[in-house]
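Residue numbers (our numbering), protein chains in the order written: chain A, 1 to 440; chain B, 441 to 1028.
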């Protein structure tokens, strides 16, 4: 980032912490960028002449007489169609060896969409994964994270979803991504011949953690360009938001803020909401859908990060290993897509809602039966049947390697109902049972 | 002379302003940033420094930027035209804003200055009047909107002149009032009021006694709320707080609904925006949007305005209550409001209370809840604000500060349970933990006796006991095993399941089941309680299980059918046949 002529250069820093520097300066704007000792920094506090800068890459080695230049603008990204197919770092600089992108310069972290200008999200995203399509249907304009322990294959599932989603653009925001995972995404997209519709902003584990704070805003600024100006459907993948929140807590700690639950800043909810709420369906047809990853520690969803996320996002997807069938499934109990009601029975067959609920209720019966079995009690005939049903349900519909159409998944469920239960036990509205209960 | 100031410090949306004259706590000021003016509110004053919270992003703001003080607190404009509007937390009309994105400093008129309203006088020249007195009325949608003596007027006034029947704008003078010294005041159809202060233009606040019918069975038939009552719905995410709030806003028996979408998802507000103009209000035959006003300050909108939004909503509700109307105010979620307080408290470096919330959080919450209530106006008419707030407890833990503070203030507690939500038993209101303090009110007991049925309360309490006994039986069965307990335990458990599945569980997305009028609730309550009180005979526990699944299935089919329709009656006949298979003794 070049400096311009006639800019005032400051050389006297009063205070240095691990992430911030303070100095005396005049005429500085809030949120403005500065370059300190060749590193990018942002104004986070001004009291009189005393300006505090957050240095993204850390303050290691910065001397008190380091040169500081203010750039007179907030962090920004140059947007144009040339972004497609490119890989950038957290500052929007190319890391793929290609030339810098020219285009309109837009400040990142821009304003929110006026709620009355939004459209109700109502286009279903078919993924072929029945555990998602049937029980947790995704919708364009939705924001939903995977809540996953680090050992689960969330990156693989997310890549499958991204490629099957038929989005015009897929924007990957990688925060603290390991180099291996970064290459995984690159290869998957490359092999699928999709590289020209992918844009990546990547902060790997090699990069300083505070830089991550820019990644979601960079990715979403690019997304807004394609969704608003080009009316495209854009899918944004953010992984891993837990590492983003960790970076937030580092900065707030350095600024002496009082931590709230789990050492997270008190503003965590608003900080995360500002990102996730960029998901939107515009009336013009453009949309931004956000699929994120929030890694959990030992499955604990009461921790402040997943907890606040859950209150913001429109549901969450849980993966779980089902030992009965030795496969990873989409957990039907803990997963939820809040927008599924917008498309169930509308973009899908009318019996979808009732079939979904009945199938899950019966799966829950099996879970109860399993508990009974483990406690050494006798099982009823119904218990036995529900256990058999659960195994097939899990294998045919919940496993992440399932790839079937919306009609097929419902027919599969009806066949399972008939195989193991009576109509009264299934308890579906009569009009649907009459129509879909398999005939002999 | 107005006070001015200059910016001396900026920490996110907290700005320190050095002032040149007097300022008051909660005074509004405008910070000039180029051509835009950013609205802010004074929240602390130390010497020459006023600490203001800015209702916008402070990006690019500089030390030395100028500030103008407005001389009043945050106010809303009250007058005809509020119904059906979509406002932000500061009462800006969202539909009047240009462009897809919200622009900083874009403040729009909440009302229409040039629209003419058909005014009908209700008072006459010479009448002695005071604040809140009905001078006349205009038709707003289907509602008679009263034009009142402004709430800011203190003391008695005489009407010197009053406009005749005709068409006027909200800015036209419709009355001239004289105070006791003969000084003249012009009154128009629009007035302003500071949101942080309660409107107290009523005679007194009696204990509420009338039931607020919500159409939601787990509320009406188990823990009813009253007109002018307060309640809250805490629940972990995914337990259906918002679905429940939306169901209330659609089906509750109120004249007007004010929805404060406070720091929640924008798409949830969009649901209301898109659905309500299309949905019919069965009470009036008009559209639901015609009785609804939405205050949308979603989670991505500025935090300080989020704090203001609940007050804006409450003030609008109080204004309409003064017209003698039944208002239902819904706030989703009050936890986000508390979090906004916490963010500010933190930036001001106040000593934190539990979970870093400000120490006075319980006082702020109880103050707010106390603004709801049933009132008798000075003219003898009554009005009410029923307030139901959603609470989003961190980590689903009901011992956190916002839930605990709210529990002290609200009279109805509708605890949403993760366990019920996981097993898809919606609405996931826990029937055992939840309560309604109004069931202890003698006035309310009398109302139920007179208006629903003499034995309604008795049945309701019977049901509560049944659910507890059913749960105990279930626990015993789980510990001792299906055949380790007498068959009677299974019977008891399954009877409570019948009540749970048929009365408590309700499909919010089914056209018929989503709302149950009280007459139908009474019918089903009688039906279910009677069949539960009957005695049955079984050989094995497995028979009990199978039998009651069939019973529940038929009762659910009844719930899905139009009340008293042919289908409904057909299922009922079928049900009786099943009951007769096993019934040995029938009640009464």
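Glycine included, each C-beta is placed from N, C-alpha and C at the ideal position.
Just so we're clear, the structure is a prediction, and the values are computed from it rather than from any experiment.
Around residue 975(B), the same chain offers 1024 and 1025 as residues with beta carbons nearer than 6 Å, after the five sequence neighbours per side are excluded. The beta carbon of residue 498(B) sits closer than 6 Å to the beta carbons of 450 and 453 from its chain, once the five residues preceding and following it are set aside; these are given in chain order.
Residue contact check for residue 331(A) against chain B: no CB pair falls below 8 Å.
Nearest Cα to residue 948(B) within the set 535(B), 479(B), 593(B) and 867(B): 867(B). Residues of the same chain with a CB within less than 6 Å of the CB of residue 978(B), apart from the 5 flanking positions on each side, are 927 and 984 in chain order. Per DSSP, reduced to three states, the secondary structure at residue 641(B) is coil, with no helix or strand assignment. Between the alpha carbons of residue 404(A) and residue 192(A) lies a gap of roughly 19 Å. Close to residue 537(B), with beta-carbon spacing below 7 Å, are these residues of chain A in chain order: 114. The bridge partners DSSP lists for residue 491(B) are 456(B) and 484(B).
The beta carbon of residue 157(A) sits closer than 6 Å to the beta carbons of 400 from its chain, once the five residues preceding and following it are set aside; these are given in chain order. Taken in chain order, the members of the stretch 983-1006 of chain B whose beta-carbon sits within less than 8 Å of a beta-carbon on chain A are 985, 986, 989, 990, 992, 993, 996, 997 and 1000.
Under the three-state reduction of DSSP, residue 775(B) is assigned to helix. The DSSP-derived three-state label of residue 402(A) is coil. Two segments are said to touch when three or more pairs of C-beta atoms, one from each, lie closer than 8 Å; by this definition the stretch 607-616 of chain B touches the stretch 549-558 of chain B. According to DSSP, residue 467(B) shares a beta bridge with 513(B). Looking from the CA of residue 632(B), the closest CA among 743(B), 558(B), 530(B) and 852(B) belongs to 530(B). For the C-beta of residue 836(B), the chain A residues within less than 9 Å are, from N- to C-terminus, 301, 302 and 307.
Look at residue 1008(B): its C-beta is not under 8 Å from any C-beta on chain A. Contact between the stretch 374-386 of chain A and the stretch 103-114 of chain A is absent: fewer than three C-beta pairs spanning the two stretches fall below 8 Å.
Separation of residue 132(A) and residue 241(A) (C-alpha to C-alpha, rounded to the nearest whole angstrom) is 21 Å. When DSSP states are grouped into helix, strand and coil, residue 709(B) belongs to the helix group.
As computed with DSSP, residue 628(B) is found in a beta bridge with 613(B).
Residue state for residue 186(A) is assigned as helix, using DSSP reduced to three classes. DSSP lists no bridge partner for residue 797(B). In the same chain as residue 348(A), and ignoring 5 residues on each side of it, the C-beta atoms closer than 6 Å to its own belong to 406, in chain order.
DSSP, reduced to helix, strand and coil, places residue 50(A) within a strand of the structure shown.
Close partners of residue 178(A) in chain B (Cβ separation under 9 Å) are lacking, with about 29 Å as the shortest Cβ gap. Within the stretch 926-950 of chain B, those residues whose Cβ lies closer than 7 Å to any Cβ of chain A are, in chain order, 949. Look at residue 514(B): its C-beta is not under 8 Å from any C-beta on chain A. Per DSSP, residue 921(B) lies in no beta strand (DSSP E) and is assigned neither H nor E. Under the DSSP assignment, residue 561(B) falls in the beta strand (DSSP E) whose first and last residues are 557-561. In the structure shown, residue 578(B) falls within a strand segment according to DSSP collapsed to helix, strand and coil. Residue 921(B) reaches chain A at 372, 375, 376, 377 and 378, counting residues in chain order whose Cβ is nearer than 9 Å. In the three-state scheme derived from DSSP, where H, G and I count as helix and E and B as strand, residue 477(B) is classed as strand. In the displayed model, residue 10(A) falls within a strand according to three-state DSSP.
For residue 208(A), there is no enclosing alpha helix (DSSP H), since its DSSP letter is neither H nor E.
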